[in-house]
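Working notes, beginning with the structure itself.
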Amino acid sequence: MGRPPNSPLPSGERPGEGERAISERETMGSLEKGGAPSPCPFPAGERELAERARKLFAGPIEFLKSAPELKFLPEPDVPEIAFAGRSNVGKSSLLNALTNRNGLARTSNTPGRTQELNFFDVGEPVRLRLVDMPGYGFAEAPKDMVKRWRNLVNDYLRGRTVLKRALVLIDSRHGLKDVDRAMMRMLDEAAVSYHLVLTKADKVKPSALGALYEATAVEAAKHPAAHPAIFTTSSETGSGIAELRTAILQSAAS
Ligand code: GDP
Numbered sequence: 003m004g005r006p007p008n009s010p011l012p013s014g015e016r017p018g019e020g021e022r023a024i025s026e027r028e029t030m031g032s033l034e035k036g037g038a039p040s041p042c043p044f045p046a047g048e049r050e051l052a053e054r055a056r057k058l059f060a061g062p063i064e065f066l067k068s069a070p071e072l073k074f075l076p077e078p079d080v081p082e083i084a085f086a087g088r089s090n091v092g093k094s095s096l097l098n099a100l101t102n103r104n105g106l107a108r109t110s111n112t113p114g115r116t117q118e119l120n121f122f123d124v125g126e127p128v129r130l131r132l133v134d135m136p137g138y139g140f141a142e143a144p145k146d147m148v149k150r151w152r153n154l155v156n157d158y159l160r161g162r163t164v165l166k167r168a169l170v171l172i173d174s175r176h177g178l179k180d181v182d183r184a185m186m187r188m189l190d191e192a193a194v195s196y197h198l199v200l201t202k203a204d205k206v207k208p209s210a211l212g213a214l215y216e217a218t219a220v221e222a223a224k225h226p227a228a229h230p231a232i233f234t235t236s237s238e239t240g241s242g243i244a245e246l247r248t249a250i251l252q253s254a255a256s
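Each residue of the sequence shown is one higher than the last, beginning at 3 in our numbering.
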């Protein structure tokens, strides 16, 4: 069953869990017709959450470990939020922007170099864990590498009870590609709730960004595990970063 792109889902989280979601109108602000989505101030009830998120991400954040295979996963003792996206989508830059650090996640122009899940502990004591999943969609990847990627990511998504939400990053210049749709289907099938995040928003004109946002929302509505709140971010200008931090904290708490 489809649902309108802007309808709030129950909080989240895995489809079927019932708590109130932040609607994207609340977290993301409004989308003027034909214009770019513009973050607006949080309503009073969520300002406190936004402030908590700001403080959390300004505090201690540590690389915990890399897991090239499932047997190396950390103990499932805190909520996890996983980041997925095509190589070069801006995932490392977004992780660095969210955590206010330059070198936390390595930015790289060597697509597909890493085939590991990287875990970052946020907070002291640890409040949540960010999981950097290996990028996908690299052109000349050997078949066995793609297979390895699929096995690792699929097994992680299906078996991880502490995984509260995934973020699927989409380059604002390119929009959804078939490899992104395949990622979305994997998440649908694993019943892991996810937000789409339009990255590099500074690279496109506001009108084009608005059109992309609308087209993306229409497509997201066809995916059972896609959360209706879609984020637009720029690691360059910082736009949308505070909103995403807040959504991450809320997802972790769900
Ligand atoms: P990853 O492969 O997904 O980790 O992507 P990176 O974070 O390494 O980014 C790929 C390229 O895009 C790098 O040259 C970044 O500087 C650039 N980039 C990433 N995010 C942004 C952004 O928000 N705005 C702009 N203008 N460039 C970005």
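Just so you know, even glycine gets a beta-carbon here, dropped at the ideal spot from N, CA and C.
Item                                                                                                                                         : Value
Going by C-alpha distance, which of N90, G139, N120 is nearest S174?                                                                         : N90
How many whole angstroms separate the CB atoms of A244 and R129, which I take to be in contact at a CB cut-off of 8 Å?                       : The pair is not a contact, with the Cβ atoms about 17 Å apart (cut-off 8 Å).
Would you mind stating whether L75 and R162 have Cβ atoms separated by less than 9 Å?                                                        : yes
Are E82 and V155 touching if we call contact CB-CB under 9 Å?                                                                                : no
If we ignore side chains and look at the alpha-carbon of each, how far apart do M235 and F65 end up?                                         : Here residue 235 is Thr; the residue named in the question, Met, does not match the sequence. Taking the straight line joining both Cα atoms gives about 23 Å.
Where does R162 sit, in a helix, a strand or coil, going by DSSP?                                                                            : coil
Going by C-alpha distance, which of L51, E118, K207, T101 is nearest Y158?                                                                   : E118
With a 10 Å radius around its C-beta and 16 neighbouring C-beta atoms as the bar for buried, classify V199 as buried or exposed.             : buried
Which residues bound the alpha helix (DSSP H) around V220?                                                                                   : 208-222
What are the boundary residues of the alpha helix (DSSP H) that D182 is part of?                                                             : 180-192
Beta carbon of T234: closer than 8 Å to some heavy atom of ligand 1?                                                                         : no
I believe A217 touches Y196 by the beta-carbon criterion, under 8 Å. Please report the beta-carbon distance rounded to the nearest angstrom. : Not quite, the Cβ-Cβ distance comes to about 18 Å (not below 8 Å), so this is no contact.
Hey, G257 and L171: beta-carbon distance below 9 Å or not?                                                                                   : Outside the shown range of the chain, which is 3 to 256, sits residue 257, and nothing can be said about it.
Is the stretch 186-193 touching the stretch 221-237 in the sense that three or more CB pairs, one from each, lie closer than 8 Å?            : yes
Does the beta-carbon distance from A60 to N102 come in below 9 Å?                                                                            : yes
Leaving out five residues before and five after I250 in sequence, what residues of the same chain have Cβ atoms less than 6 Å from its Cβ?   : I83
According to DSSP, is L75 part of a helix, a strand, or is it coil?                                                                          : coil
Can you grab the Cα-Cα spacing for the pair A219 / R152, in whole Å?                                                                         : 26 Å
If you reduce the DSSP assignment to three classes, tell me which class R103 lands in.                                                       : coil
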